[in-house]
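Participant:
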Amino acid sequence: LAQAFAAALASDPISAFGGVIAANRVVDAAAAAEMAQLFVECIAAPGFEPAALEIFAKKKNLRLVEMPDLKIEPQFELRSINRGVLRQAVDFGDPEGGEWKVATKRAPTPEELKALRFAWKACQYVKSNAIVFGEGEATVGIGGGQPNRVDCVRIAAQRAGERSRGAVMASDAFFPFPDSVEEAAKAGITAIVQPGGSVRDAESIAAADAAGIAMLFTGARHFRH
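For the working numbering, add 4 to where a residue sits in the sequence shown, where the first one is 1.
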């Protein structure tokens with residue numbers, strides 16, 4: 005867990021200051037020691053070992069929330085609108101039986117595919133427009149909540165710095181223009197996953213082929229609002 009925390013923190017250590025930490029495992033002393041070095045408001049986890057509680061007890065105003073069952077999820081979520089509430093289905097990820105399709109001349113390597121699946125999953129929880137740069141099973145740069153997709157790519161590249169070289173990229177919706185792929189290539193991205201479905205898909209595919217980037221289409225989007 006300590007290693008997972010370190011990888012998560014490395015994605016954006018500046019923004020982590022004053023935030024919250026959520027873990028899907030019981031927090032042990034090693035993880036607690038690492039977490040205690042960062043100022044956060046709250047830590048949520050299935051449980052906390054006694055040694056971890058001793059470490060956290062020294063942190064003033066830190067709130068610990070024990071959530072034994074993290075798998076409980078509602079089937080719908082609510083969004084407030086003028087004079088009412090919008091009820092919509094929860095995005096649980098790709099539909100069962102859905103298959104990703106290789107759209108480019110080059111298919112991703114097994115390592116790239118593993119990183120793409122993680123980045124795509126992480127992208128599900130980023131406010132749209134959303135772009136996630138990933139390496140292995142960790143994010144290295146996130147760009148989200150922008151009015152256009154190419155700015156999200158630029159923000160993710162800025163956050164990642166040199167770590168974007170050799171990383172992969174996930175986009176929560178299709179590319180309306182090839183500029184996002186071109187910016188990804190400048191950042192050193194080697195593989196991309198996106199829903200596909202744009203009338204200009206061919207232009208994005210051509211840009212990826214020109215840069216030697218492998219690109220996959222999921223056939224389903226995330227688009228979190």
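Glycine residues also receive a C-beta, built at the ideal position from the N, C-alpha and C atoms. Since we're looking at a predicted model, the values are computed, not measured.
For a test of the three-state rule: what should DSSP assign to ALA27, helix, strand or coil?
Facilitator: Translated into the one-based positions of the sequence shown, residue 27 becomes position 23. Coil, per DSSP.
Participant: Three or more C-beta pairs under 8 Å: does that hold for the region 181-190 against the region 199-213?
Facilitator: Yes, they touch.
Participant: Quick one, which of ALA10, ARG121, VAL106, SER15 has its alpha-carbon nearest SER168's?
Facilitator: Stepping through the sequence shown from its first residue, residue 168 is reached at position 164. The shortest C-alpha separation from SER168 is found at SER15.
Participant: Taking the straight line between their C-alpha atoms, what separation do you get for ALA12 and THR143?
Facilitator: In the sequence shown, counting from the first residue as 1, residue 12 sits at position 8. In the sequence shown, counting from the first residue as 1, residue 143 sits at position 139. Cα to Cα, ALA12 sits roughly 7 Å from THR143.
Participant: Since TRP104 and PHE221 should fall inside the 8 Å C-beta cutoff, what is the C-beta to C-beta distance between them, to a whole number of angstroms?
Facilitator: By 1-based counting over the sequence shown, the position of residue 104 is 100. By 1-based counting over the sequence shown, the position of residue 221 is 217. Right, the Cβ-Cβ distance comes to about 7 Å (below 8 Å), so this counts as a contact.
Participant: Distance, Cα to Cα, GLU166 vs CYS46?
Facilitator: If you number the sequence shown from 1, residue 166 lands on position 162. If you number the sequence shown from 1, residue 46 lands on position 42. Each residue's alpha carbon lies about 31 Å from the other.
Participant: As an exercise, report each continuous alpha helix (DSSP H) stretch of at least 4 residues that is fully enclosed by the region 111-142, in chain order.
Facilitator: Counting only runs of 4 or more, we get 114-127.
Participant: Under the three-state reduction of DSSP, which class applies to SER202: helix, strand or coil?
Facilitator: As a first step, residue 202 is located in the sequence shown; it is residue number 198 there, counting from the start. SER202 falls in the coil class under three-state DSSP.
Participant: Using 8 Å as the Cβ pair cut-off and three pairs as the minimum, do the region 48-61 and the region 78-87 touch?
Facilitator: Contact between the region 48-61 and the region 78-87 is absent, because fewer than three Cβ pairs lie under 8 Å.
Participant: Counting pairs of Cβ atoms below 8 Å between the region 151-167 and the region 128-138, do you hit three or more?
Facilitator: Enough Cβ pairs lie closer than 8 Å, so yes.
Participant: Please name the residue in ASN152, ASP95, ALA111, LYS109 whose C-alpha comes closest to that of TRP124.
Facilitator: In the sequence shown, counting from the first residue as 1, residue 124 sits at position 120. Considering only alpha carbons, the answer is ASP95.
Participant: Residues in the same chain with beta-carbon distance under 7 Å from LYS109, minus the five sequence neighbours each way, listed in chain order, please.
Facilitator: Your numbering for residue 109 matches position 105 in the sequence shown. The residues are ASP213.
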